[in-house]
Amino acid sequence: MMTDRLTETATCRSKVRGFHKRALWLSSGAALLALALMGSLEAARPSAGSLLNERLGCAACHGMDGIALSEEIPNLAGQDRSYLIRQLEAFVSSEPEAEPNAGGTERYHTAMDAATRKLSYREREDLADFYAGLSCVPRGDLDPGTAPKAAKACAQCHGAFGINIEPGVPNLAGQKVDYLIAQLRAFRASLLGTDPFRVEQERFHQKMAPQAHSLTDEDIERIAAYYAELSCS
Ligand code: HEC
Ligand code: HEC
276 MMTDRLTETA
286 TCRSKVRGFH
296 KRALWLSSGA
306 ALLALALMGS
316 LEAARPSAGS
326 LLNERLGCAA
336 CHGMDGIALS
346 EEIPNLAGQD
356 RSYLIRQLEA
366 FVSSEPEAEP
376 NAGGTERYHT
386 AMDAATRKLS
396 YREREDLADF
406 YAGLSCVPRG
416 DLDPGTAPKA
426 AKACAQCHGA
436 FGINIEPGVP
446 NLAGQKVDYL
456 IAQLRAFRAS
466 LLGTDPFRVE
476 QERFHQKMAP
486 QAHSLTDEDI
496 ERIAAYYAEL
506 SCS
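Every letter in the sequence shown is one number past the one before it in the working numbering, and letter 178, counting from 1, is 453.
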């Protein structure tokens, strides 16, 4: 009798345990399903940066996927995040009348200054997250040839193949050729003292500008063609 009761209780306990186990399985299964659903909704929902890219009109020049629509406009897909944020800040804070070389970084461009003037801190972060997370378009079998001599010094910061070595430095691989030429000329002009009132574009950076200082037009064209042909990934 006693043994029967004991067995009964034991069976009952194991049933209860079984029930708990099943309940646990069921609830963790439901939780997993909910997570999976949330994940797919998350994937389907455009990010804040993607919405801003479209709504603020950035996409009209830089493309819906960060691949620019013309040769003078930079691709942003896969670009270094902290570099992008610094550029957006530099455009906002710059004034065409400002003394060139006044700070560590100066960047002025008519179209971009207008586009970035009203961006909040949060919007700059969201946009940078979005562009940095996009994949660039890898080049197929284009052969960039060997690096021009004048590009030797660039590798220590921009990497041997145009992919940066440390955050804050832009990737150059696969960038638009005319855009690269314009940037190198702008850096050079800032040190050669070109009148900032007469140029549409102004750019200075304390580490980068000296690198462009002694490049000839021919060097610049060769270097730009080389990096533009490199695969960005
Ligand atoms: C009318 C065309 C146009 C629009 C609209 C525009 N951009 Fe640009 N953007 C440019 C051009 C041209 C440059 C290159 C500027 C230069 O030569 O210094 C540039 C440069 C940039 C850069 C620097 C990239 C680099 O490699 O240094 C970033 C970042 C950028 N744009 C983000 C944006 C964002 C974000 C928006 C929307 C709020 C936007 N742009 C809207 C034309 C545009
Ligand atoms: C000491 C490190 C360093 C070296 C060496 C260097 N760069 Fe840079 N480069 C930078 C940094 C940092 C920036 C970003 C500047 C800014 O924030 O405006 C930059 C920006 C650039 C840009 C603008 C890219 C864009 O998306 O707008 C180009 C083009 C470039 N460098 C080319 C070169 C070339 C060509 C050489 C060699 C002749 C070179 N750099 C050597 C650090 C370096």
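Every residue, glycine too, gets a C-beta built ideally from N, C-alpha and C. Given the structure is predicted, the values throughout are model-derived calculations rather than measurements.
In terms of residue numbering, what span does the beta strand (DSSP E) encompassing residue i cover?
i, result
"H384", "T380 to H384"
Can residue i and residue j be called in contact, C-beta distance under 8 Å?
i, j, result
"L409", "G332", "no"
"L402", "L363", "yes"
"A425", "D494", "yes"
"H433", "R463", "no"
"S508", "P442", "no"
"A407", "L467", "no"
"G353", "C429", "no"
"E398", "L351", "no"
Along the chain, where does the alpha helix (DSSP H) containing residue i start, and where does it finish?
i, result
"R460", "V452 to L467"
"I438", "Unbroken run through I438: none, as it is neither H nor E."
"G324", "A323 to R330"
"P485", "A484 to A487"
"A335", "A334 to H337"
"C432", "A430 to H433"
"G408", "Y396 to G408"
"E347", "Careful: E347 lies outside any alpha helix (DSSP H) and carries neither H nor E."
"R497", "D492 to E504"
For residue i, which of the options has the nearest alpha-carbon?
i, options, result
"S506", "F479, E493 and I438", "I438"
"S325", "P349, A487, D404 and R397", "D404"
"S322", "A430, I360, E400 and L466", "E400"
"A386", "Q354, C336, A428 and A435", "C336"
"D418", "E504, N328 and L327", "E504"
"F436", "A334, R330 and A499", "A499"
"R478", "A461, Q486 and M339", "A461"
"V367", "R392, A343 and E329", "R392"
"T380", "Y502, S465, Y501 and E496", "S465"
"D355", "P485, I440 and M483", "I440"
"S421", "E329, P445, H384 and Y502", "The residue asked about is misnamed: residue 421 is Thr in this sequence, not Ser. The candidate whose alpha carbon is nearest that of T421 is Y502."
"A334", "A390, R320 and R382", "A390"
"A343", "Q458, G449, H480 and P485", "G449"
"M483", "R497, P445 and E496", "P445"
"P427", "R497, M339, R382 and G338", "Here residue 427 turns out to be Lys, not Pro, going by the sequence shown. Nearest of R497, M339, R382 and G338 to K427, Cα basis: R497."
"H384", "Q458, R330, Q431 and G338", "Q458"
"Q481", "R382, L394, S395 and D388", "R382"
"R361", "R320, Q431, Y396 and P413", "Y396"
Given the structure, does residue i come close to ligand 3, in the sense that its CB is under 7 Å from one of the ligand's heavy atoms?
i, result
"T421", "Looking at this structure, you won't find ligand 3 anywhere; what it does contain is ligand 1 and ligand 2."
Sufficient close CB pairs (3 or more, under 8 Å) joining the segment 444-461 to the segment 346-364
Output reads yes: the segment 346-364 touches the segment 444-461.
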